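Heads up: the sequence shown begins at 2 in the numbering used here, then just goes up one per residue.
All C-beta atoms, glycine included, are put in the ideal place defined by N, C-alpha and C.
Note that the coordinates shown come from a computational prediction; the quantities given were computed from them, not determined experimentally.
One structure is given here, and the rest of the page talks about it.
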Amino acid sequence: MIRRVWKLLSPQIEEKDAHLSLNLTVTVINYVKVYLENSLFNLISNAITYTRPGVILEIRVETWREEENIVLMVPDNGIGIDLEKHREQLFRYKRMFHRGYGSNGVGLFKIRNQIRTFGGNIEVKSESGRGSSFFVYFNNRVYTLQQDE
């Protein structure tokens, strides 16, 4: 799936000379495929869009287990977001924090709604001028059917 997203974004990736690295401790996420692919696409696309001039863009995709969740992290070294100023608006519909980048302010809103639909969550750590790290938590609870329940 990551290869497919990377291929879809290859013109932008080549234009920015971006580098992708993977560290996938978990390779199977039980989730709606189109939502997972859309989340990856939007997070990587945002990283490509919001690059710092003169800096080679580094994007990572990492996964691991954390309690009852699988965590997908996408950090980058782009322009970052001033969270003190924008945290409350970050995942709202049509909210843009950096003008002039050709964004419509829908991507993060869409990701959060899709992830929350199935009990997951998304969080961000970011520093203006240094980059952002998005953490997507997929609910990975396993339920068993018991005869006596």
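Around the beta carbon of L25, fewer than 16 other beta carbons lie within 10 angstroms, which makes this residue exposed. In the pairwise beta carbon analysis, the stretch 63-79 is classified as not touching the stretch 110-119: fewer than three pairs are separated by under 8 Å.
Within the DSSP secondary-structure output, K126 pairs in a beta bridge with S134. For S133, the closest C-alpha among the options I80, N140, F139 and N141 is that of I80. Distances from the alpha-carbon of Y51 to those of F139, F136, S129 and N140 put S129 closest.
Annotation for L9: the continuous alpha helix (DSSP H) segment containing it runs I3 to L9. DSSP places L58 outside any alpha helix (DSSP H), giving it a letter other than H or E. In the DSSP assignment, P76 is bridged to S134. By DSSP's assignment, S40 forms no beta bridge with any residue. Taking the Cα of A48 as reference, the smallest distance to any Cα among E69, E85, V33 and V125 is reached at V125. Restricting attention to V29, K8 and V137, the CA atom closest to the CA of F119 is found in V137.
Closest option to L9, judged by alpha-carbon separation, among Y32, N31, L109 and E38: E38.
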